[in-house]
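Residue numbers (this note's numbering): 1 to 322. Each residue gets a CB set at the ideal place from its N, CA and C atoms; glycine is no exception. Please read the structure below before turning to the comments.
The following block contains the structure:
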């Protein structure tokens, strides 16, 4: 077996046609218990691309973890050619504590590329970037909306990237949202390394939503099928609707604090002046109608029953890509 046929990752060598689960760990709990982050590797006998599928960068984004779990449980991660590496939970510390951040209070997605001698989150980012990411030809990273903000199923990519445009269309989420790569994020660091990433957003924290899960799993299957990596026993469905490309958007924020209820639905197209929801007080003396400031698609809704003045309550498109 030639050297190029052997994948050496986290100290373990995995040959073509082999499977392995290796441990990605950086630190122990304060009780000295080891925290093992399983990295699940499946290799075909036939050479091909290496796809890295990740979730759980934020410990509270359970729906992303569920998508990757289903990809593994259904055997979708066993490729017809090439290699698929799955990490269902990157931030195992946050996942255990049901917390978005690391125990050091840092957001893992704001410390990349990290450092060997930095904070706990920084060390995890560094190990991911130096020991796993360089093997990948493509990354699919699964996220959800933060707090009670429910995201439409969407792919987020940087505008002007031909390869990502093609793959986003293949994925088939209801929306493609063109957004800049945030500084020190996993996506931006991968971009600088020349590794394309499809970032999926859908649902909200501490929640598993079947429609979001199905969209994520089906999208991953379409991409793998497009790359010739999906085994023939899996059916590939067509997206129910054509994808909407959003190039500009804005948040509608609460003008008042109070009890909040949305009356519009996620994914809906609204016209300027349409009532989207209302904010009231507990005493029945106040009722403020939240109206659309422009025509556009509603692709995020705050589902919290209580809001404060200035809270983001709706995300609306302001300009669609041609």
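What are the uninterrupted segments assigned as beta strand (DSSP E) that are 3 or more residues long and contained completely in the stretch 207-263, given in chain order?
-> 244-253, 258-262
Can you name the residues that DSSP bridges to residue 38?
-> 23
Anyone know if the C-beta pair for residue 88 and residue 68 falls short of 8 angstroms?
-> yes
Roughly how many angstroms separate the alpha carbons of residue 222 and residue 178, rounded to a whole number?
-> 20 angstroms
Locate the alpha helix (DSSP H) running through residue 135, then write down its first and last residues.
-> First-last for residue 135: undefined, no H or E at that position.
Start and end residues, beta strand (DSSP E) containing residue 70 | That residue, residue 70, is in no beta strand (DSSP E); its alpha helix (DSSP H) goes 62-73.
Look at residue 236 and residue 225 and say whether their C-beta atoms are less than 8 angstroms apart.
-> yes
DSSP on residue 153, reduced to helix/strand/coil?
-> strand
Check each candidate in 11, 18, 153 and name the one with the smallest Cα separation from residue 25.
-> 11
What residue from 185, 52, 47, 168 has the CA that sits closest to residue 41's CA?
-> 52
Could you check what DSSP says for residue 309 in three-state terms: helix, strand or coil?
-> coil
Determine the extent of the alpha helix (DSSP H) in which residue 96 is found, giving its start and end residues.
-> 92-97
Go ahead and label residue 282 buried or exposed: buried means 16 or more other beta carbons lie within 10 angstroms of its beta carbon, across all protein chains shown.
-> exposed
Within the same chain, show all residues whose beta-carbon is closer than 8 angstroms to that of residue 37, passing over the 5 residues directly before and after it, in chain order.
-> 23, 24, 25, 87, 89, 90, 92
Residue interval of the alpha helix (DSSP H) (run including residue 171) | 162-171
Same chain only: Cβ atoms within 6 angstroms of residue 110, ignoring 5 sequence neighbours per side | 184
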